[in-house]
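Peer 1: If you scroll down you'll find the structure; I have some questions about it.
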Amino acid sequence: GIQVEQSPPDLILQEGANSTLRCNFSDSVNNLQWFHQNPWGQLINLFYIPSGTKQNGRLSATTVATERYSLLYISSSQTTDSGVYFCAVEENSGGYQKVTFGTGTKLQVIP
Amino acid sequence: DAGVIQSPRHEVTEMGQEVTLRCKPISGHNSLFWYRQTMMRGLELLIYFNNNVPIDDSGMPEDRFSAKMPNASFSTLKIQPSEPRDSAVYFCASSLSPVVAEAFFGQGTRLTVV
Chain A
816 GIQVEQSPPD
826 LILQEGANST
836 LRCNFSDSVN
846 NLQWFHQNPW
856 GQLINLFYIP
866 SGTKQNGRLS
876 ATTVATERYS
886 LLYISSSQTT
896 DSGVYFCAVE
906 ENSGGYQKVT
916 FGTGTKLQVI
926 P
Chain B
4 DAGVIQSPRH
14 EVTEMGQEVT
24 LRCKPISGHN
34 SLFWYRQTMM
44 RGLELLIYFN
54 NNVPIDDSGM
64 PEDRFSAKMP
74 NASFSTLKIQ
84 PSEPRDSAVY
94 FCASSLSPVV
104 AEAFFGQGTR
114 LTVV
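As structure tokens, this is what we get:
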């Protein structure tokens with residue numbers, strides 16, 4: 816099946832710093848989503864981004880589907896950004912979607 | 004819409020007992036997914052339904068696990084009998100379409116089997 820790798824696995828940032836999280840995938844995908852799992856375990860949709868670039872406040876994401884990667888940018892990080900960031904890719908399997916999650920990047924933002 | 008609603012939020016049960024997790028998808032969504040999250044294996048897709056029909060249950064770990072979707076607004080994931088290794092957070096998600104659609108997650112059920 817498709818392999819989804821995220822890097823770095825762990826990241827510690829000083830509040831106010833910027834960072835880039837990466838998601839590589841091994842095959843063509845129909846869709847890609849970025850999620851933030853907060854320290855309470857809740858999974859929150861960040862971006863639905865099969866291709867191109869999207870921005871939402873301090874966060875933005877870029878997916879280059881032809882090169883099989885996606886990037887999540889966090890600018891001016893805040894302590895509330897702490898948690899685990901997952902990318903999930905979706906491939907079409909027999910007319911239905913098959914979703915695979917990456918292993919996540921654990922982010923800790925310190926004051 | 005209140006989003007995907009899961010119950011209970013937390014469940015502690017003894018080994019060998021039956022456990023039933025519940026999910027109410029977002030109204031109008033026709034695909035529903037059950038995921039399990041553990042430290043060892045991360046987020047895994049267990050099963051998904053489209054229009055109440057199970058499409059892919061290849062992720063269901065073994066026969067002790069079963070899932071049903073009797074109607075468009077309700078699904079259950081049952082474990083019988085439960086074992087300590089089933090301890091995990093179980094997430095339910097729904098989306099509008101089976102192909103290329105944004106999935107929305109519930110808050111999860113944290114299951115502990117002792």
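Quick mapping for you: the protein sequence lines, in order, are chains A and B. To get the working numbering, take the position in the first sequence, counting from 1, and add 815. To get the working numbering, take the position in the second sequence, counting from 1, and add 3. The beta carbon of each residue, even a glycine, is placed where N, CA and C say it ideally should be.
1. Using a C-beta to C-beta distance shorter than 8 angstroms, which residues of chain A count as neighbours of PHE52(B)?
2. Return yes when the Cβ of TYR884(A) is within less than 7 angstroms of the Cβ of ASN839(A), no when it is not.
3. For the putative contact between ILE889(A) and ASN833(A), defined by C-beta atoms under 8 angstroms, what is the C-beta separation to the nearest angstrom?
4. Between VAL116(B), VAL117(B), GLY111(B) and THR115(B), which has its C-alpha nearest TYR38(B)'s C-alpha?
5. Along chain B, in chain order, which residues have C-beta atoms closer than 7 angstroms to that of THR918(A)?
6. Let's see if you can read the secondary structure: which residues bound the beta strand (DSSP E) around GLN829(A)?
7. Applying a beta-carbon distance threshold of less than 8 angstroms, which residues of chain B neighbour TYR900(A)?
8. Excluding the 5 residues preceding and the 5 following MET63(B) in the sequence, name in chain order all residues of the same chain whose CB lies nearer than 6 angstroms to its CB.
9. Leaving out the 5 sequence neighbours to the left and right, which residues in its chain are closer than 6 angstroms to GLN848(A) when beta-carbon positions are compared?
10. Along the segment 835 to 862 of chain A, what residues have a CB closer than 9 angstroms to any CB found in chain D?
11. Tell me whether the segment 866 to 885 of chain A and the segment 7 to 15 of chain B touch, counting them as touching only if at least three CB pairs, one residue from each stretch, are closer than 8 angstroms.
12. Output yes if chain B places a C-beta closer than 7 angstroms to the C-beta of VAL924(A); else output no.
Peer 2: Result, derived from the coordinates:
1. Simply none; closest approach about 10 angstroms.
2. yes
3. Indeed they touch by this definition, with Cβ atoms about 7 angstroms apart.
4. GLY111(B)
5. GLY45
6. 825 to 829
7. The contacting residues do not exist; TYR900(A) stays about 12 angstroms from chain B at best.
8. LEU49 and ILE50
9. TYR863 and ALA903
10. As a matter of chain content, chain D is missing from the structure shown, whose protein chains are A and B.
11. Contact check between the segment 866 to 885 of chain A and the segment 7 to 15 of chain B: fewer than three CB pairs, one atom from each, fall below 8 angstroms, which does not count as touching.
12. no
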